[in-house]
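**Q** Mind having a look at this structure? Questions to follow.
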Amino acid sequence: MAERELLSVRGLKTYFFTRRGVVKAVDGVDLSLDEGKTLGLVGESGCGKSVTALSILRLVPRPRGKIVGGEIRYQGRNLLDFPEEEMRRIRGGEIGMVFQEPLTSLNPVFSIGEHLLEAITVHHRMSRREAKERAIELLSAVGFPDPALRLKNYPHQLSGGMRQRVMIAIALAGEPRVLIADEPTTALDVTIQAQILDLIQRLKEERGLSVIFITHNLGIVASFADEVAVMYAGRIVERAEVEAIFH
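Structure below.
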């Protein structure tokens, strides 16, 4: 059966306009993600990987950052043409994202439960009780022991690995079809890294997710991705099946 293209990026250009001039963070990127596949996006720090991910969700920091060219098609429709209200539905509801640093991405004054309830109710009409039950289910799905009790915890009370699990649960709250994981194992020790990778792989299989996995670690890509795109200086310089590059 032919593979179905779910997300495609064509000629994407995202520039930052600074006092020192224009920074071409993303400069003509082409990508595609097939249904049920994992695309590894690799490259050195500062090459434009994270900006590409933020561009897909139209979360580029303004006013200095701007998408100046290209198209981002999800199920055939160009996300750059969507009104902001519809993009809010897409973010989390169709395309979820796990951000790099969970400690800075999570609000320190909100409990884990409050983070999850907000993410759930943005995309689902349900009572607070139903949302709380859903939050418990999500924490259980990402491997939390005693998930009901953990809802009361605050980010600083959790380990780095547990905070990353919370970020994954939040990303899944809207039941997206695409998951973008931006360096999800950064600053975690090797054992916890392996646990997070296993978790993402299991969730992908259980939920039928398509995944864009952003990393600078080629070893992770070799064992985790179906395809790999190598990024350098804002451009894709190589793209192939994982076997063609690593085996």
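In our numbering, the protein residues as written are 75 to 321.
Just so you know, even glycine gets a beta-carbon here, dropped at the ideal spot from N, CA and C.
All figures in this text were calculated on a predicted structure; none of them were measured in a lab.
Is there contact between the stretch 176-193 and the stretch 225-235, where contact requires at least three CB pairs shorter than 8 Å?
**A** yes
**Q** Cα separation between aspartate 131 and proline 219?
**A** This sequence places leucine at residue 131; aspartate is not what is there. Spanning the two alpha carbons is a distance of roughly 32 Å.
**Q** With DSSP as the reference, label serine 82 as helix, strand or coil.
**A** strand
**Q** Buried or exposed for serine 233, going by 16 or more other Cβ atoms inside 10 Å?
**A** exposed
**Q** Count the other C-beta atoms from every protein chain shown that fall within 10 angstroms of the C-beta of valine 183, then say buried if there are 16 or more, exposed otherwise.
**A** exposed
**Q** Can you check which of these residues, Val302, Ile319, Glu204, is closest to leucine 113 by C-alpha distance?
**A** Val302
**Q** Per DSSP, which residues does isoleucine 169 bridge with? Please list them.
**A** Arg165, Val252
**Q** Give the straight-line distance between the Cα atoms of arginine 237 and arginine 93, rounded to the nearest whole angstrom.
**A** 36 Å
**Q** On the DSSP letters alone, give me the boundaries of the beta strand (DSSP E) that serine 284 sits inside.
**A** 284-289
**Q** By DSSP's criteria, isoleucine 186 is part of a beta bridge. Which residues make up the other side?
**A** Paired residue(s): none; isoleucine 186 is not in a bridge.
**Q** Of the residues Ala243, Ala193, Asp272, which one's Cα is nearest the Cα of arginine 163?
**A** Ala193
**Q** So what does DSSP say about serine 106, is it helix, strand or coil?
**A** strand
**Q** Determine the direct distance from the alpha carbon of glutamate 207 to that of alanine 127, and round the result to whole angstroms.
**A** 31 Å
**Q** Per DSSP, alanine 303 forms a beta bridge with which residues?
**A** Answer is Leu115, Arg313.
**Q** Rounded to the nearest angstrom, how far is the Cβ of aspartate 104 from that of arginine 84, given a contact under 8 Å?
**A** 6 Å
**Q** Less than 8 Å between the C-beta atoms of valine 216 and leucine 253, yes or no?
**A** no
**Q** To the nearest angstrom, report how far apart glutamate 257 and leucine 271 are at their CA atoms.
**A** In this model, glutamate 257 and leucine 271 are separated by some 11 Å (Cα to Cα).
**Q** Which residue from Arg78, Ile288, Gly117, Val125 puts its Cα closest to that of lysine 98?
**A** Val125
**Q** Applying the 10 Å Cβ sphere with the 16-neighbour rule, what's the burial state of proline 250?
**A** Looking at its Cβ environment, which holds 16 or more other Cβ atoms inside 10 Å, proline 250 is buried.
**Q** Helix or strand or just coil, what does DSSP make of glutamate 77?
**A** coil
**Q** Grouping DSSP H, G and I as helix and E and B as strand, with all else coil, what is glycine 95?
**A** Shown here, glycine 95 sits in a strand according to DSSP, grouped into three states.
**Q** From phenylalanine 91 to methionine 171, what distance separates their C-alpha atoms?
**A** 25 Å
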